[in-house]
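Student:
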Amino acid sequence: MSDVPKELSYTKTHEWIGNDGDGTITVGITDHAQASLGDLVFVELPEAGKKVGAGDAVAVVESVKAASDIYAPVAGEVAEVNEQLEDAPELVNEDPFGEGWLFKMQVDDADALDMLLDADTYEGIVEDEED
Amino acid sequence: MADRTPLHDEHVALDARLVDFAGWDMPIDYGSQIAEHKAVRDNAGMFDVSHMAVADITGDDARAFLRRVMANDVARIDEIGRALYTCMLNTRGGVIDDLIVYHLAEGHYRAVLNAATTNKDLAWLHGQIGTYRVAVEHRSDLAIVAVQGPRARELTTKVLDTGLAEAAFRLKPFSATTEGDVSVGRTGYTGEDGFEIVMPAGDAAPFWRALKSTGVAPVGLGARDTLRLEAGLNLYGQDMDEDTTPLESGLAWTVAFEPADREFVGREALEYARAEGVTMQRVGLVLEGRGVMRHGAKVRAAGSNVAAAAAAGEVTSGSYAPTLSRSIGLARIPSDWDDGVEVAIRDKWLPARLVTPPFVRNGKSRIDDA
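The structure is reproduced here in structure tokens:
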């Protein structure tokens, strides 16, 4: 069973969202997502400053097996990307909720964050998929 | 429910990720495909390939029968203990399967068939028997384990019975030794040295555990695919099938046209194709930048600007090459393309260069760094 930290929010498309409390969020992919993809070999991240809408494809993670789009969980502006992943995409596999974060966003409307899934709901989705 | 090999419980105990492969419940990886790939390049890895089928071909006419149904000529392995890679063709010259034939004893040959084609192959072989005095027997009582890597022979011979170990260690490449129902061949599908060992199903689990305790890493089908791709070896069903001939699949070297009087199945079609001129070729591709070429991606000549739907080339196997840290592929393209190409990857055309496989041999890159 994959790890699903309680303090984070989630999307159906397997992104996790950490609320940094200052109007920004940190986004990554879940433990379940990294395990399903297998070893990552490339991560393509957006430019800082890019404006994005909720659900826009903003990044690509590519594993030995497949390429997968990463979607902006809410509307906002890309504030920072995890430059380390350029040379070390395996960090996403090794530490998906920590060193393997993908990007940070300045959120347009903080209320939009309430629409994200909580850990229990996401865990239910993962259980269905892992059965 | 999917079929299970005699090593299924071992895979479960090792926490393998299991997938359905040609109707078999098989390990795709045991945690990290890249780590398993590197274990084979740097040390030794073991693969459960018991989903592949062993077929014994025996009888007074076994040699004559195989000279008829195989595109390569088993007369090349008249010496007992030799092995031969060959295609089995239909009358159109298309590939029914590719396989290794071992000459185990006088009048006794053993073929190892792909899992996905086993039933079709056996039906075809039985249908070809006619008046040949030969029996084709599917040995589903046997398991197959491949051990591959620079230390594979050293570690495997520690685990085998003494007599067999000594004979196995002396084997030349593409040869085999047999003791009862155990045969050890110095063959493989990774571009590394090593063995493929056929044994009674009941012996497989103890053998596997003994190898594990000497430090041989379990390796799943995921890494098996990237290893064979780096080695430039075709995968049946992707790089060739019943509608493509060996001549357009990089396998012309496996077709024995000489002696000219050997009437093998598919010969007429291949001779006709040769006379007309073979219009497609199989090449190796190295992607210049980031990204990964995948099976089915369209290929066009560099600068040709044709739309994907009109592109005349196609990637038949593509992946990320862990040894090279970039994407490589096998592709089928028109025979007159000999320069750079572009590959359609996620709606972009990315440049790739043509190379002659293998990409990696015995752990070393065979391509120039761009």
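From first to last, the protein sequence lines are chains P and B.
The numbering of the first sequence is this note's numbering, which starts it at 1 and goes up by one.
The numbering of the second sequence is this note's numbering, which starts it at 1001 and goes up by one.
Ideal placement from N, C-alpha and C gives every residue a C-beta, glycine not left out.
Since the model is a prediction, treat every value here as computed from it, not as a measurement.
Whose C-alpha, out of Glu-1268/B, Phe-1047/B and Arg-1262/B, is nearest the C-alpha of Gln-1148/B?
Tutor: Among Glu-1268/B, Phe-1047/B and Arg-1262/B, the Cα nearest to that of Gln-1148/B belongs to Phe-1047/B.
Student: Helix, strand or coil for Asn-1072/B, going by three-state DSSP, please let me know.
Tutor: Residue state, collapsed to three classes: coil.
Student: Under 8 Å, Cβ to Cβ, is there at least one residue of chain P near Gly-1232/B?
Tutor: No, Gly-1232/B lies away from the interface with chain P (no Cβ there is under 8 Å from its Cβ).
Student: If you measure beta-carbon to beta-carbon, which residues of the segment 1326-1350 of chain B are closer than 7 Å to chain P?
Tutor: Going along the segment 1326-1350 of chain B in chain order, one finds Arg-1346 with a Cβ nearer than 7 Å to chain P.
Student: Taking only the alpha-carbon atoms, compute the straight-line gap between Ile-29/P and Ala-1039/B and give it to the nearest angstrom.
Tutor: Their Cα atoms are separated by approximately 27 Å.
Student: Rounded to whole angstroms, what is the Cα-Cα separation between Ile-1077/B and Ala-1301/B?
Tutor: Ile-1077/B and Ala-1301/B: Cα-Cα distance of roughly 41 Å.
Student: Please confirm whether Val-4/P has its beta-carbon closer than 8 Å to some beta-carbon of chain B.
Tutor: Chain B, which has no Cβ nearer than 8 Å to the Cβ of Val-4/P, makes this no.
Student: DSSP state of Glu-94/P, grouped into three classes?
Tutor: It is helical.
Student: Ordered along the chain, which non-local residues of its own chain (more than five positions away) have a Cβ less than 7 Å from that of Phe-103/P?
Tutor: For Phe-103/P, where only same-chain residues beyond five positions count, the Cβ hits under 7 Å are Val-27, Leu-45, Pro-46, Ala-59, Val-78, Glu-80, Val-81 and Asn-82.
Student: Are three or more beta carbon pairs between the segment 1243-1259 of chain B and the segment 1272-1281 of chain B nearer than 8 Å?
Tutor: Output reads yes: the segment 1272-1281 of chain B touches the segment 1243-1259 of chain B.
Student: Is it the case that the Cβ atoms of Val-1286/B and Ile-1328/B are separated by a distance below 8 Å?
Tutor: In this structure, Ile-1328/B lies closer than 8 Å to Val-1286/B by Cβ.
Student: Would Ser-1317/B and Asp-1193/B be called neighbours here (beta carbons separated by less than 8 Å)?
Tutor: No, the pair does not count as a contact, with Cβ atoms beyond the cut-off.
Student: Exposed or buried, which one is Leu-116/P when buried takes at least 16 other CB atoms within 10 Å?
Tutor: Leu-116/P is buried by the Cβ-count criterion.
Student: Compare the C-beta of Glu-62/P with all C-beta atoms of chain B and state if any pair is closer than 8 Å.
Tutor: Closer than 8 Å to some Cβ of chain B, the Cβ of Glu-62/P qualifies, so yes.
Student: If the criterion is Cβ atoms closer than 8 Å, does the pair Arg-1004/B and Phe-1264/B meet it?
Tutor: Result no, Cβ atoms of Arg-1004/B and Phe-1264/B do not sit closer than 8 Å.
Student: Within the continuous beta strand (DSSP E) that includes Pro-73/P, where are the two ends?
Tutor: Neither: Pro-73/P is in no beta strand (DSSP E) and is coded neither H nor E.
Student: Cα separation between Ala-1370/B and Ser-1325/B?
Tutor: Note that Ala-1370/B has pLDDT 48, beneath the 50 cutoff, so the model's placement of it is unreliable and the number below is only indicative. Those two C-alpha atoms are separated by around 12 Å.
Student: Identify the residues that DSSP records as bridge partners of Met-105/P: which are they?
Tutor: DSSP output for Met-105/P lists Ile-25/P and Val-78/P as bridge partner(s).
Student: Would you call Asp-1098/B buried or exposed, if buried means 16 or more other Cβ atoms sit within 10 Å of its Cβ?
Tutor: Looking at its Cβ environment, which holds 16 or more other Cβ atoms inside 10 Å, Asp-1098/B is buried.
Student: Taking only beta carbons into account, state which residues of the segment 1018-1037 of chain B come closer than 7 Å to chain P, listed in chain order.
Tutor: Hits within the stretch, in order: Asp-1029, Ser-1032, Gln-1033 and Ile-1034.
Student: Using only alpha-carbon positions, find the residue among Ile-1367/B, His-1037/B, Leu-1104/B and Arg-1082/B that is nearest to Val-1182/B.
Tutor: When each option's Cα is compared against that of Val-1182/B, the closest is Leu-1104/B.
Student: Whose C-beta lies closer than 7 Å to the C-beta of Ser-1335/B among residues of the same chain, with five residues either side of it excluded?
Tutor: Excluding sequence neighbours, Ser-1335/B sits near Val-1278, Thr-1279, Met-1280 and Gln-1281.
Student: Using 10 angstroms around the beta-carbon of Thr-1156/B, count the other beta-carbons present and answer buried if the total reaches 16, otherwise exposed.
Tutor: Thr-1156/B should be labelled buried.
Student: In whole angstroms, give me the CA-to-CA distance for Asp-1042/B and Asp-31/P.
Tutor: Whole-angstrom Cα-Cα distance: 29 Å.
Student: Ordered along the chain, which non-local residues of its own chain (more than five positions away) have a Cβ less than 7 Å from that of Gly-1296/B?
Tutor: Cβ within range, chain order: Glu-1314 and Val-1315.
Student: I need the straight-line Cα distance from Glu-7/P to Trp-101/P, nearest angstrom please.
Tutor: So the two alpha carbons sit approximately 15 Å from each other.
Student: With three or more beta-carbon pairs closer than 8 Å as the criterion, would you say the segment 1045-1065 of chain B touches the segment 1109-1121 of chain B?
Tutor: With the cut-off at 8 Å, the segment 1045-1065 of chain B and the segment 1109-1121 of chain B touch.
Student: So which residues of chain P does Thr-1190/B contact, with C-beta pairs closer than 8 Å?
Tutor: In chain order: nothing, as chain P lies at least about 16 Å away.
Student: In chain A, what lies closer than 7 Å to Tyr-1320/B by C-beta?
Tutor: Of the chains in the structure shown, none is chain A; the protein chains are P and B.
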